[in-house]
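Student:
Below is the structure:
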């Protein structure tokens with residue numbers, strides 16, 4: 004940017020002002036690992052809960068509100084990561100964007116995690132108590148439907164929701180460190 008100034012002798016003097024552009028130095032490996040884990044967690048959440056919605060519809064039962072809620076939150080997380088990748092490509096990724104977005108998604112993931120945990124391990128009539136009664140109390144063998152149900156119940160594990168919450172806290176801390184240039 005150039006500013007001109009007239010002198011007493013009729014000549015113009017140009018003064019150049021240099022704009023200071025602050026560059027944030029993101030730790031590339033940590034950011035890539037975070038994105039990879041969050042993409043995996045989001046895709047697993049979408050897959051697990053989409054399967055649950057399909058099962059509920061096949062059984063002609065109502066679909067609880069937290070199934071589509073968690074699917075939507077995980078899909079929005081994928082959009083957020085795609086936006087972060089676009090900002091990285093444009094060299095415009097600001098720590099404030101990451102902090103605000105990650106905090107927002109942390110709250111959304113935590114709500115989903117709490118609701119699903121209450122349904123799974125809640126007081127009376129929880130999924131866990133029904134599984135203990137109907138599925139885990141038996142050990143079916145062979146190529147049949149009860150064996151498939153037993154294997155499905157044994158393999159359902161919601162660790163990716165918890166991993167997502169932990170990794171969202173991690174990226175908030177990392178973005179704060181980038182903001183203060185402490186990385």
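Numbering (my numbering), first residue to last: 4 to 186.
Note that beta-carbon positions come from the ideal geometry of N, C-alpha and C, so glycine has one too.
#1: Evaluate residue 44 with the Cβ neighbour count: other Cβ atoms within 10 Å of its Cβ, from every protein chain shown; 16 or more gives buried, anything less gives exposed.
#2: May I have a chain-ordered list of the beta strand (DSSP E) segments no shorter than 3 residues that lie completely inside the stretch 10-77?
#3: Could you give the first and the last residue of the continuous alpha helix (DSSP H) run that contains residue 115?
#4: So what does DSSP say about residue 144, is it helix, strand or coil?
#5: Does the contact criterion of 3 or more C-beta pairs under 8 angstroms hold for the stretch 52-61 versus the stretch 70-84?
#6: Secondary structure at residue 93, three-state DSSP: helix, strand or coil?
#7: Which residues in the same chain have their Cβ closer than 7 angstroms to the Cβ of residue 172, if we skip the five residues on either side of it in sequence?
#8: Okay, do the stretch 46-53 and the stretch 93-111 touch, 3+ Cβ pairs below 8 angstroms being the bar?
#9: With C-beta atoms as the reference, is residue 27 less than 8 angstroms away from residue 96?
#10: Which value, in whole angstroms, describes the spacing of the CA atoms of residue 36 and residue 42?
#11: On the CB-based measure, 16 or more other CB atoms within 10 Å of its CB, does residue 69 come out buried or exposed?
#12: In angstroms with no decimal places, state the Cα-to-Cα distance between residue 87 and residue 30.
#13: Straight-line CA distance for residue 46 to residue 40?
#14: For residue 48, which option in 81, 64, 66, 61 has the closest C-alpha, if you only look at C-alpha atoms?
Tutor: This is what the structure holds:
#1: buried
#2: 15-19
#3: 98-124
#4: coil
#5: yes
#6: coil
#7: 109
#8: no
#9: yes
#10: 10 angstroms
#11: buried
#12: 14 angstroms
#13: 10 angstroms
#14: 81
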